[in-house]
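Novice: Residue numbering for the first sequence follows numbering that gives the first Met the number 0, beginning at 0 and increasing consecutively. We put the beta carbon where it would ideally sit given N, CA and C, even for glycine. One structure is given below, represented as structure tokens, and several questions about it will come after.
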Amino acid sequence: MDTTGTTFTARVYRVVAMIPYGKVTTFGAIARALGSPKSARMVGFALASIPGHLDLPAHRVLNRYGFLSGGWHFGHPDIMKAELEDEGVVVSGDYIVDLGVYFWDPGMDPEVDALREAHY
DNA sequence: AGTTTGACAGTAT
DNA sequence: GATACTGCCAAAC
0 MDTTGTTFTA RVYRVVAMIP YGKVTTFGAI ARALGSPKSA RMVGFALASI
50 PGHLDLPAHR VLNRYGFLSG GWHFGHPDIM KAELEDEGVV VSGDYIVDLG
100 VYFWDPGMDP EVDALREAHY
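So, in structure tokens, the structure goes:
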């Protein structure tokens, strides 16, 4: 793949890798940080295409409502839930995370913001 | 080489 | 206020 960050997925990987321990973010936030708010779908698709050898904390990426959207991509939602709880993130029985507490906006990260400006 | 689908989100009715 | 439609880019078929 392109490690220079030319493709959308490459940039997504980079942003996901920056998610702080114990924090979570959303597809829309990442897409918006990259300058394409409408491309939220691509973010999810990019994560679905993660090679695997890349140690990306994909379990920290949730949908807009804090729901573990990609739970079944880990084999079972409970796996993702366990990963998050292990980081101190409280996950409800319905696999929902309180974004008001654990949400991390990529747009507020200087490194991510620099990446966005590089795109323009 | 063209078509279809995919971890979503925002707007439009 | 809730439901439906569109937009977006890349990868798999």
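Should the region 4-15 be called in touch with the region 74-90, which here means at least 3 C-beta pairs below 8 Å?
Specialist: The answer is no - the region 74-90 does not touch the region 4-15, with fewer than three Cβ pairs under 8 Å.
Novice: Among I49, P36, Y64, which residue has its Cα nearest to the Cα of V15?
Specialist: Taking the first residue of the first sequence as 1, we reach residue 15 at position 16. The option with the nearest alpha carbon to V15 is I49.
Novice: Among all the DSSP beta bridges, which residues are the ones paired with T8?
Specialist: If you number the first sequence from 1, residue 8 lands on position 9. Bridge partners of T8: none, in fact.
Novice: State yes or no: is the C-beta of P36 within less than 8 Å of the C-beta of A45?
Specialist: Indexing the first sequence from 1 puts residue 36 at position 37. Indexing the first sequence from 1 puts residue 45 at position 46. No, Cβ-Cβ distance for P36 and A45 is not below 8 Å.
Novice: Tell me F44's beta-bridge partners as DSSP assigns them.
Specialist: Taking the first sequence and counting its residues from 1, the one referred to as residue 44 is at position 45. DSSP lists no partner for F44.
Novice: Measure the beta-carbon distance from S68 to G27 and round it to whole angstroms, keeping in mind my assumption that it falls under 8 Å.
Specialist: On the first sequence, position 69 is the one that residue 68 refers to. On the first sequence, position 28 is the one that residue 27 refers to. With a Cβ gap of about 12 Å, S68 and G27 do not count as contacting.
Novice: I need the DSSP call for V60, collapsed to helix, strand or coil.
Specialist: Looking up residue 60 in the first sequence gives position 61. Three-state result, V60: strand.
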